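Okay, structure first, notes after.
Here it is as structure tokens:
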């Protein structure tokens, strides 16, 4: 079959770029504002006030805990919700309680949502396609797509300067770490492995990225490529991990097994050393404040299903509220950028909802950065 003279066949990328966004994703009213749904109550365990920010009649989810979803001045929170049908990204105004739907995705990965660099854009995976959205006008564009005959592995993150995104691809038991320049969409391979790598985490202030080998190991590699190096960790199962804000160490939850306490530990790449930070009350997940001096943890202890704060210097814990989640690992508490609030997820009142606690009397305020790191 021949083409008409002077008309070249269109590539799939060119076709998608020419089709209006509403034809590629579900239609939604970009002007609609959902009213506040906040509810406040005194926690049964501590009597501290807890604010429930979303209605538990539908599922509202926090993205991956290592991704940034809170505006730098605590103005808004990005989360996903199925209130409009399937899971979509919403912007919750943390001052008024109003929320707006931001996406009309057909196959959104809720965990992949993250702000990119400053507070102007965010990224997410819709099926095999990585998209970036301008928050001011909801203008959306395709950045890149998972390679043909490959599958994306769990995890997606963006560098602190907002320039690069990281994700894994797997095929027949092997995998590769992919880095995409968000401006151009150019994708390169940073590392290849004989296992399925997951959850890449770019290192702050360093041109390196770490990725997981299940719950067995962490591997670190330069962004320029090279042979990945296994980081030193304590023997046992490795739980959730996050880089310290300084980038000097990788903080992770160590799960040693029955009869032993879960602990927060840190692995220091330059010293090839691992050390204890603090034992915990059987945390299933944890988050850190702005300078990693205080942690928030979700206990999996059935008798004490609590959210706690842990002061690093003295290794002391304090219960701040109950979570009573059916899945303690999904509670995944995170701090606001100034360390004055804790946000977490729980299904204690029905479907998963998002909660907030003011901890300004318990945790010192930390400095907020005005923009991405140089």
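In the numbering used here, the protein residues as written are 2 to 375. Note that CB positions come from ideal geometry on N, CA and C, so glycine has one too. Nothing here was measured: the structure is a model prediction, and the numbers come from that model.
Next on the checklist: Is it buried or exposed, residue 236, if we count other Cβ atoms within 10 angstroms and call 16 or more buried?
Outcome noted: Along the chain shown, one-based indexing puts residue 236 at 235. Residue 236 should be labelled exposed.
Checklist entry - Is it a yes or a no for the region 185–202 touching the region 97–108, going by three-plus beta-carbon pairs under 8 Å? => result No, the region 185–202 does not touch the region 97–108.
Checklist entry - How close, in whole Å, do the beta carbons of residue 55 and residue 355 come, if the pair is a contact with beta carbons under 8 Å? => result Start at 1 with the first residue of the chain shown, and residue 55 comes out as number 54. Start at 1 with the first residue of the chain shown, and residue 355 comes out as number 354. Right, their Cβ atoms sit about 5 Å apart.
Item to check | Residue interval of the alpha helix (DSSP H) (run including residue 241) | outcome: Working through the chain shown from its first residue, we reach residue 241 at position 240. Segment 238–244 is the beta strand (DSSP E) holding residue 241; no alpha helix (DSSP H) there.
Item to check | residue 100 - DSSP class collapsed to helix/strand/coil | outcome: For the purposes of this step, residue 100 is taken as the residue at position 99 of the chain shown. If DSSP states are grouped into helix, strand and coil, residue 100 belongs with the strands.
Checklist entry - Does the beta-carbon of residue 1 have 16 or more other beta-carbons within 10 angstroms, so that it is buried, or is it exposed? => result The structure shown does not extend to residue 1, since the chain spans only 2 to 375, so no value can be given for it.
Item to check | Distance, residue 125 Cα to residue 109 Cα | outcome: Against the chain shown, residue 109 aligns to sequence position 108. Against the chain shown, residue 125 aligns to sequence position 124. Their backbone Cα atoms lie some 7 Å apart in a straight line.
Checklist entry - What's the C-alpha gap between residue 128 and residue 149? => result Taking the chain shown and counting its residues from 1, one reaches residue 128 at position 127. Taking the chain shown and counting its residues from 1, one reaches residue 149 at position 148. CA-to-CA, the gap between residue 128 and residue 149 works out to about 13 Å.
Item to check | Through-space distance from residue 106 to residue 26, alpha-carbon basis | outcome: For the purposes of this step, residue 26 is taken as residue 25 along the chain shown, with counting starting at 1. For the purposes of this step, residue 106 is taken as residue 105 along the chain shown, with counting starting at 1. With a pLDDT of 47 at residue 26, under the threshold of 50, the modelled position of this residue cannot be trusted, and the question is left open.
Checklist entry - Would you say residue 338 and residue 121 are within 9 Å of each other, going by their C-beta atoms? => result By one-based count along the chain shown, residue 338 stands at place 337. By one-based count along the chain shown, residue 121 stands at place 120. Pairing residue 338 with residue 121 gives a Cβ-Cβ distance that is not under 9 Å.
Item to check | Beta-bridge partners of residue 266, as assigned by DSSP | outcome: Against the chain shown, residue 266 aligns to sequence position 265. Residue pairing by DSSP places residue 266 opposite 253 and 277 in a beta bridge.
Checklist entry - Does the region 55–67 come close enough to the region 352–366 that 3 or more CB-CB pairs lie under 8 Å? => result The region 352–366 vs the region 55–67: in contact.
Item to check | In DSSP terms, what residue 359 is bridged to | outcome: Your numbering for residue 359 matches position 358 in the chain shown. DSSP lists 342 as partners of residue 359.
Checklist entry - What did DSSP end up calling residue 218 once you bin it into helix, strand or coil? => result Here residue 218 refers to the residue found at position 217 when the chain shown is read from its first residue. Reduced to three states, the DSSP call for residue 218 is strand.
Checklist entry - Could you give the distance in angstroms between the alpha-carbon of residue 38 and the alpha-carbon of residue 351? => result Here the question's residue 38 lines up with position 37 in the chain shown. Here the question's residue 351 lines up with position 350 in the chain shown. Roughly 15 Å separates the two Cα atoms.
Next on the checklist: If contact is defined by three or more beta carbon pairs under 8 Å, each pair taking one atom from either stretch, is the region 284–295 in contact with the region 221–234?
Outcome noted: Contact fails: fewer than three Cβ-Cβ distances are below 8 Å.
Checklist entry - Does DSSP classify residue 312 as helix, strand or coil? => result The residue you call residue 312 lines up with position 311 of the chain shown. Three-state DSSP puts residue 312 in a strand.
Item to check | Residues of its chain near residue 24, where Cβ-Cβ distance is below 6 Å and the 5 sequence neighbours each way are ignored | outcome: Within the chain shown, the letter at position 23 stands for residue 24. Residue confidence is low: residue 24 scores 39 on pLDDT, short of 50, so the model does not pin down where it sits. Its coordinate-derived value is still stated next. Cβ within range, chain order: n/a, list empty.
Item to check | Status (buried if at least 16 other CB within 10 Å, exposed otherwise) for residue 158 | outcome: Translated into positions along the chain shown, residue 158 becomes position 157. Buried, since its Cβ has 16 or more Cβ neighbours within 10 Å.
Next on the checklist: Just to check my reading of the structure: residue 325 and residue 349 have Cβ atoms closer than 8 Å, yes? What is that Cβ distance to the nearest angstrom?
Outcome noted: Residue 325 sits at position 324 when you count from the first residue of the chain shown. Residue 349 sits at position 348 when you count from the first residue of the chain shown. Confirmed, Cβ separation roughly 4 Å.
Item to check | Same chain, Cβ closer than 7 Å to residue 85, five either side skipped, listed in chain order | outcome: Taking the chain shown and counting its residues from 1, one reaches residue 85 at position 84. 29 and 102, listed in sequence order.
Next on the checklist: Applying the 10 Å Cβ sphere with the 16-neighbour rule, what's the burial state of residue 273?
Outcome noted: Taking the chain shown and counting its residues from 1, one reaches residue 273 at position 272. Exposed is the call here.
Checklist entry - Buried or exposed: which applies to residue 260, given that a residue is buried once 16 or more other Cβ atoms fall within 10 Å of its Cβ? => result For the purposes of this step, residue 260 is taken as residue 259 along the chain shown, with counting starting at 1. Burial call: exposed.
Checklist entry - DSSP on residue 271, reduced to helix/strand/coil? => result Position 270 of the chain shown, counted from the first residue, corresponds to residue 271. In the structure shown, residue 271 sits in a helix (DSSP, three-state: H, G or I).
Next on the checklist: Tell me which residues share the same chain as residue 22 and place their Cβ nearer than 7 Å to its Cβ, disregarding the 5 neighbours each side in the sequence.
Outcome noted: For this step, residue 22 is matched to residue 21 along the chain shown. Note on residue 22: pLDDT 40, under 50, position unreliable in the model; the coordinate value appears next. Excluding positions up to five away in sequence, the list reads 141.
Next on the checklist: Nearest by alpha-carbon distance to residue 176: which of 201, 166 and 184 is it?
Outcome noted: Along the chain shown, read from residue 1 onward, the residue named residue 176 stands at position 175. 201 is the residue among 201, 166 and 184 whose C-alpha sits nearest the C-alpha of residue 176.
Item to check | Cα-Cα separation between residue 151 and residue 139, rounded to whole angstroms | outcome: Along the chain shown, one-based indexing puts residue 151 at 150. Along the chain shown, one-based indexing puts residue 139 at 138. Taking the straight line from one Cα to the other gives about 29 Å.
Checklist entry - What's the gap between the Cα of residue 155 and the Cα of residue 76? => result Here the question's residue 155 lines up with position 154 in the chain shown. Here the question's residue 76 lines up with position 75 in the chain shown. Straight-line Cα distance between these residues: approximately 29 Å.
Item to check | residue 206 to residue 163 span [Cα, whole Å] | outcome: Here residue 206 refers to the residue found at position 205 when the chain shown is read from its first residue. Here residue 163 refers to the residue found at position 162 when the chain shown is read from its first residue. So the two alpha carbons sit approximately 13 Å from each other.
Checklist entry - Near residue 366, what residues of its chain come up, given a Cβ to Cβ distance below 7 Å and the 5 sequence neighbours on each side ignored? => result Position 365 of the chain shown, counted from the start, is the residue given in the question as residue 366. Only 339, 340 and 341 meet the Cβ criterion.
Checklist entry - By DSSP, does residue 223 sit in helix, in strand, or in coil? => result In the chain shown, counting from the first residue as 1, residue 223 sits at position 222. In the displayed model, residue 223 falls within a strand according to three-state DSSP.
Checklist entry - So residue 300 and residue 309 are in contact, right, with Cβ under 8 Å, and what is the actual spacing, rounded? => result Here residue 300 is taken as the residue at index 299 of the chain shown, counted from 1. Here residue 309 is taken as the residue at index 308 of the chain shown, counted from 1. Going by Cβ atoms, the distance from residue 300 to residue 309 rounds to 6 Å, so yes, they are a contact pair.
Checklist entry - When you compare each of 271, 241 and 270 to residue 264 by their alpha carbons, which one comes out closest? => result Taking the first residue of the chain shown as position 1, residue 264 is located at position 263. Among 271, 241 and 270, the Cα nearest to that of residue 264 belongs to 241.
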